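Start counting the sequence shown at 669; every next residue gets the next number (the working numbering).
Idealized CB from N, CA, C, for every residue including glycine.
It should be emphasised that the depicted structure is a prediction, and the values quoted were computed from it without experimental measurement.
Below: the structure, in structure tokens.
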Amino acid sequence: MLIDSYERVVDYLRVSVTERCNFRCQYCMPEKPFSWVPKENLLSFEELFEFMKVAIDEGIKKIRITGGEPLLREDLDKFIKMIYDYEPSIDLAMTTNAFLLKGTAQRLKDAGLKRINVSIDTLIPSVAQEIAGKDVLKNVLEGVEEALKVGLKVKVNMVPMKNVNANEIADVLEFCKARSMSVRFIEYMENSHAKKEIQGLKSPELLAILREHYEFEDEGFDGSSPS
């Protein structure tokens, strides 16, 4: 059993399989300031799996595969299958931008993946291009639809930003509601790589916008995991 310094049982593990990403999102890394780790220096899936086995044996029950963009790693489905075959009860999830998901969702599901988190910050193609630095929305939405079709559970993350996509909060929520997808509005966190002019919405501002469209009750929140 794994226990942290606050005496809490640790049963959740995030595994970053790459630092690379095919988007240049304004709020994350809009330019290319990094020298990427050479591919030959990355841990192989076989090496990562050795660590996964130890973690599972010590009580890890939930594993989330992240990046960068994890779908940039070739044969990711084989890595997922390694984990699933070792312990089928593991809750296997992945955070992805979904750009490469179309054509791979079924293979990932068959390998043992259960859930994905996808960023959908807008439903307007031109705004998506402004945010991500390339024309991405069509591929993202097609990837999401395919994931739903093959039976993957999908949660959507949205980062509301003033003068960018704050006016689409209700639209994104309705889009998710129509597809039985949960949505999490993530407060923008300043970082050294993001564009300096970005202004995120604070929680009170977000709630005020939501109250213009909906009546709701505060039932608390699940703060146990990031996106």
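(request) Note down the Cα distance separating residue 785 from residue 691, rounded to an integer number of angstroms. (result) Spanning the two alpha carbons is a distance of roughly 16 Å.
(message) Pop quiz: residue 733 and residue 679 are said to be a contact at Cβ under 8 Å. What is the actual Cβ separation, rounded to whole angstroms?
(response) About 16 Å; that fails the 8 Å criterion.
(request) Using beta-carbon positions only, say whether residue 760 and residue 780 come within less than 8 Å of one another. (result) Contact: yes.
(request) Decide if residue 706 is buried, meaning its Cβ has at least 16 other Cβ atoms within 10 Å, or exposed. (result) By the neighbour-count rule (16 or more Cβ atoms within 10 Å), residue 706 is not buried but exposed.
(request) Let me know the secondary structure DSSP gives residue 674 once reduced to three states. (result) coil
(request) Could you tell me whether the segment 715 to 724 touches the segment 804 to 824, where touching means 3 or more Cβ pairs closer than 8 Å? (result) no
(request) Step through the CB atoms of chain B and report whether any lies within less than 8 Å of the CB of residue 812. (result) The structure shown contains no chain B, having only a single protein chain.
(message) Nearest by alpha-carbon distance to residue 791: which of 831, 839, 765 is it?
(response) 839
(request) Output the boundary residues of the beta strand (DSSP E) element that contains residue 761. (result) 759 to 764
(message) Please classify residue 737 as buried or exposed, where buried requires at least 16 neighbouring CB atoms within 10 angstroms.
(response) Classification of residue 737: buried, given that the 10 Å Cβ count is 16 or more.
(message) Let me make sure I understand the geometry here. Which of 795, 675, 751 has the alpha-carbon closest to that of residue 828?
(response) Measuring from the Cα of residue 828, the nearest candidate turns out to be 795.
(request) Measure the C-alpha to C-alpha separation of residue 725 and residue 836 and round it to an integer number of angstroms. (result) For residue 725 and residue 836, the distance between alpha carbons rounds to 44 Å.
(request) Identify whether residue 680 lies in helix, strand or coil by the three-state DSSP scheme. (result) strand
(message) If I measure Cβ to Cβ from residue 800 and keep anything under 6 Å in the same chain, skipping five residues before and after, which residues do I get?
(response) The residues 691, 693, in chain order, have a CB closer than 6 Å to that of residue 800 in the same chain once the five nearest residues on each side in sequence are set aside.
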